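Per the UniProt record's numbering, the very first residue in the sequence shown carries number 1; after that it's consecutive.
All remarks here apply to the structure that follows.
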Amino acid sequence: MALTKQILDHNQANPDEKIKFPTAIDLHKWLVALVKSEHDWYYQVSKCAPQWALRALSDAWKRCFKKIAKPPNFKKKGKQDSFTLDGSIKIAHQKIKVPVIGWLKTYERLPDGYQPKSVTISKKANRWFISFKMEVEQQTTNKTHDVVGCDLGIKSLATLSTGETFEGSKSYRKYEKQLARLQYLNRHKVKGSNNWNKAQRQIAKLHFKIANIRKDTLHKLTTYLAKNHGQIVIEDLNVSGMMANHQLAKAFQDMGFYEFRRQLDYKTQLYGSELIIADRWFPSSKTCSNCGYKKESLSLTERVFECEQCHVVCGRDLNASLNLASLAVSSTVSACRVDSADTTTVKQEVNVKFAHE
Numbered sequence: 001m002a003l004t005k006q007i008l009d010h011n012q013a014n015p016d017e018k019i020k021f022p023t024a025i026d027l028h029k030w031l032v033a034l035v036k037s038e039h040d041w042y043y044q045v046s047k048c049a050p051q052w053a054l055r056a057l058s059d060a061w062k063r064c065f066k067k068i069a070k071p072p073n074f075k076k077k078g079k080q081d082s083f084t085l086d087g088s089i090k091i092a093h094q095k096i097k098v099p100v101i102g103w104l105k106t107y108e109r110l111p112d113g114y115q116p117k118s119v120t121i122s123k124k125a126n127r128w129f130i131s132f133k134m135e136v137e138q139q140t141t142n143k144t145h146d147v148v149g150c151d152l153g154i155k156s157l158a159t160l161s162t163g164e165t166f167e168g169s170k171s172y173r174k175y176e177k178q179l180a181r182l183q184y185l186n187r188h189k190v191k192g193s194n195n196w197n198k199a200q201r202q203i204a205k206l207h208f209k210i211a212n213i214r215k216d217t218l219h220k221l222t223t224y225l226a227k228n229h230g231q232i233v234i235e236d237l238n239v240s241g242m243m244a245n246h247q248l249a250k251a252f253q254d255m256g257f258y259e260f261r262r263q264l265d266y267k268t269q270l271y272g273s274e275l276i277i278a279d280r281w282f283p284s285s286k287t288c289s290n291c292g293y294k295k296e297s298l299s300l301t302e303r304v305f306e307c308e309q310c311h312v313v314c315g316r317d318l319n320a321s322l323n324l325a326s327l328a329v330s331s332t333v334s335a336c337r338v339d340s341a342d343t344t345t346v347k348q349e350v351n352v353k354f355a356h357e
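Take a look at the structure:
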């Protein structure tokens, strides 16, 4: 990390004598040359762990150069620690064998018939987890609806064009007072003491619980959408811009819009559905879903849409979802791959499409 920043500083100071930015392979060669000769512990760990970490660093810089994300920072030790291993991995019932470490017992029974390409071992809230990267076959399901529009919001998590409404878990709001009390009681504890460490574990455990409740709600919704709908149309929400609104930032974060899109992206591929992303500036809320009349302005406080032309009256969110659903039929779309919730990348033949007004 420090080496990559030194190269960037050198290239900025000396534009005529730029050094080629290192790849993940180059970084690993430098790491071996600098660390392996001086530290014996390097011989006792798997070579996979530093290789995957350097790949992640290289990918982070690539995303930064493409202006998709901010520059990577140093990761604090002891906070969400994790490492990735690949190579010779064996699975047997409730055990898994990974390189160097050996056999590990698991709480859940592991799936039969799959060979993981890699495993990631992580520590969250003083608990250890292991996740697998493996190839699975597409599971095509019977679709109850060909097209559905999905409008996301902070009052209701999702409003569908079919008339269904799904409420968000709002887990942070439910546990906000309890979290604030734990942080308040921790204010006078000596940093690094046993009591301080105990309090930190309690806070981390509650944060973990809040995140799990939110993810569970999102998983149930995204699985329902992907399994039962052929085409799913959502808006390209500017999540980072929403978070800049300090009055509503907590509410936006509590809903988990980015996580919703991330889950829907891979689940539509798994269940044979198609995800269509409406243009960010598509006026789904301002346009009448009945006659197509577009209002010049519509404030956030107006929760009911009243058309001035055909006089139709319906809920604001339902009107937006109906417009999104009609977009799947009326628009010419181009297949594109999604890398983040805010930015598109290289065009590929996949199930994600971007619709433009």
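Positions of the beta carbon are idealized from the N, C-alpha and C atoms, including for glycine.
This one's a predicted model, so the numbers in the text were calculated from it and none came from an experiment.
From the options, residue whose alpha carbon lies closest to that of residue i
i	options	result
Ser118	Leu104, Ala53, Glu176 and Ile89	Ile89
Leu152	Lys250, Lys97, Lys209 and Phe260	Phe260
residue 364	Val100, Lys220, Thr140 and Ser156	Given that the chain is displayed from residue 1 to residue 357, the structure contains no residue 364 and the question cannot be resolved.
Thr162	Ser321, Met1, Ala328 and Val329	Ser321
His93	Asp112, Gly87 and Phe83	Asp112
Lys124	Gly78, Arg109 and Ile68	Gly78
Leu270	Val190, Cys150 and Val136	Val136
Ala24	Gln200, Trp128, Ser122 and Arg55	Arg55
Thr287	Glu308, Gln178, Met255 and Lys267	Glu308
Gly149	Glu296, Ser289, His219 and Met1	Ser289
Leu248	Phe21, Lys209, Thr217 and Arg173	Arg173
Ala199	Asn126, Phe83 and Tyr107	Asn126
Tyr293	Asp86, Asp81, Ser58 and Asn323	Asn323
Pro50	Ser37, Glu38 and Leu31	Leu31
Environment of residue i [buried if 16+ CB atoms lie within 10 Å]
i	result
Gln263	buried
Lys76	exposed
Ile277	buried
Asn319	buried
Ser187	For clarity, residue 187 is Arg in the given sequence; the question names Ser instead. So Arg187 ends up on the exposed side.
Val313	exposed
Ile19	exposed
His229	buried
Asp317	buried
Thr4	buried
Glu235	buried
Arg181	exposed
Asp40	exposed
Arg214	buried
Leu34	exposed
Trp52	buried
Val233	buried
Ala2	exposed
Ser297	exposed
Ala226	buried
Lys267	buried
Gly192	exposed
Gly256	buried
Residue i in three-state terms, based on DSSP
i	result
Ile213	helix
Thr268	helix
His207	helix
Leu300	coil
Gln12	helix
Lys97	strand
Val35	helix
Glu108	coil
Trp103	strand
Phe305	strand
Lys20	coil
Ser240	helix
Asp86	strand
Gln178	helix
Asp81	coil
Leu54	helix
Ser334	Because Ser334 carries a pLDDT of 40, less than 50, the predicted location of this residue cannot be relied on, and the following value inherits that uncertainty. Strand at Ser334.
Thr162	coil
Ala69	coil
Gln231	strand
Cys48	helix
Cys288	coil
Spatial neighbours of residue i in its chain, beta-carbon cut-off 6 Å, leaving aside the 5 residues before and after
i	result
Gly272	Gln138 and Thr140
Lys97	Lys90 and Trp103
Val147	Gln231, Ala325 and Ala328
Ile130	Val119 and Ile121
Ala69	Arg63
7 Å CB neighbourhood of residue i in its chain, flanking five on each side removed
i	result
Pro71	Cys64
Lys133	Pro116, Lys117 and Ser118
Lys62	none
heavy atom of the ligand FMN below 7 Å from residue i C-beta
i	result
Ile96	Absent from the structure shown: the ligand FMN. Ligands present: none.
Same chain, Cβ closer than 8 Å to residue i, neighbours up to 5 away in sequence not counted
i	result
Ser156	Thr165, Phe166, Glu167, Gly168 and Asp317
Trp128	Ile121 and Ser122
Gly315	Thr159, Arg303, Val304 and Phe305
Length-filtered (3 minimum) beta strand (DSSP E) runs lying within the segment 116-145: 118-124 and 127-133
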